[in-house]
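The structure under discussion appears below in the form of structure tokens.
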Amino acid sequence: MVYKITASFPDEEKYGLRAQMRRAAVSIPSNIAEGHLRKTAKDFRQFLSIARGSCAELETQIIIAHKLDFIHEDNFDNLSSKVEELSKMLSSFYSKINSKPPTR
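Be aware that the sequence shown starts at 13, since it is given in this note's numbering, and climbs by one per residue.
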């Protein structure tokens, strides 16, 4: 969804906001996957924390893009709600992992 929406950004944003949003969007699942393959729960929590940070970055970038009129209202509402939901899921998952004893 982020790739489709950012495709319509102005050309001068090719290496700016468009690229930042795409990197943040890709970073979220990439860090979850990498953390899952680590040997310890502590490492997994660290990568989940990075994914949460990327999600917060993406939320902020969506707001900036909307204020710059790069994202139309309907796309903004849809994307914002999806990223907000993802943020809540990541926080819940992080809390659940964090409350378990460090085994693995």
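Note that the Cβ used here is the ideal one computed from N, Cα and C, for glycine as well. Being a predicted model, the structure only gives us computed values, none of them experimental.
Rounded straight-line distance, which links the Cα of residue j to that of residue i
i          : j          : result
residue 27 : residue 49 : 31 Å
residue 93 : residue 81 : 18 Å
residue 56 : residue 63 : 11 Å
residue 96 : residue 40 : 13 Å
residue 24 : residue 30 : 9 Å
residue 88 : residue 54 : 35 Å
residue 20 : residue 35 : 16 Å
For residue i, the first and last residue of its enclosing alpha helix (DSSP H)
i           : result
residue 50  : No alpha helix (DSSP H) contains residue 50, which DSSP labels as neither H nor E.
residue 100 : 85 to 111
residue 15  : 14 to 18
Residues near residue i by beta carbon distance below 8 Å, same chain, minus five either side
i          : result
residue 60 : 43, 44, 47, 102, 105, 106, 109
residue 83 : 17, 74, 77, 91
residue 98 : 40, 67
residue 22 : 82
Close beta carbons around residue i, own chain, < 7 Å, minus the five adjacent residues each side
i          : result
residue 37 : 14, 70
Close beta carbons around residue i, own chain, < 6 Å, minus the five adjacent residues each side
i          : result
residue 33 : 14, 18, 73
residue 79 : none
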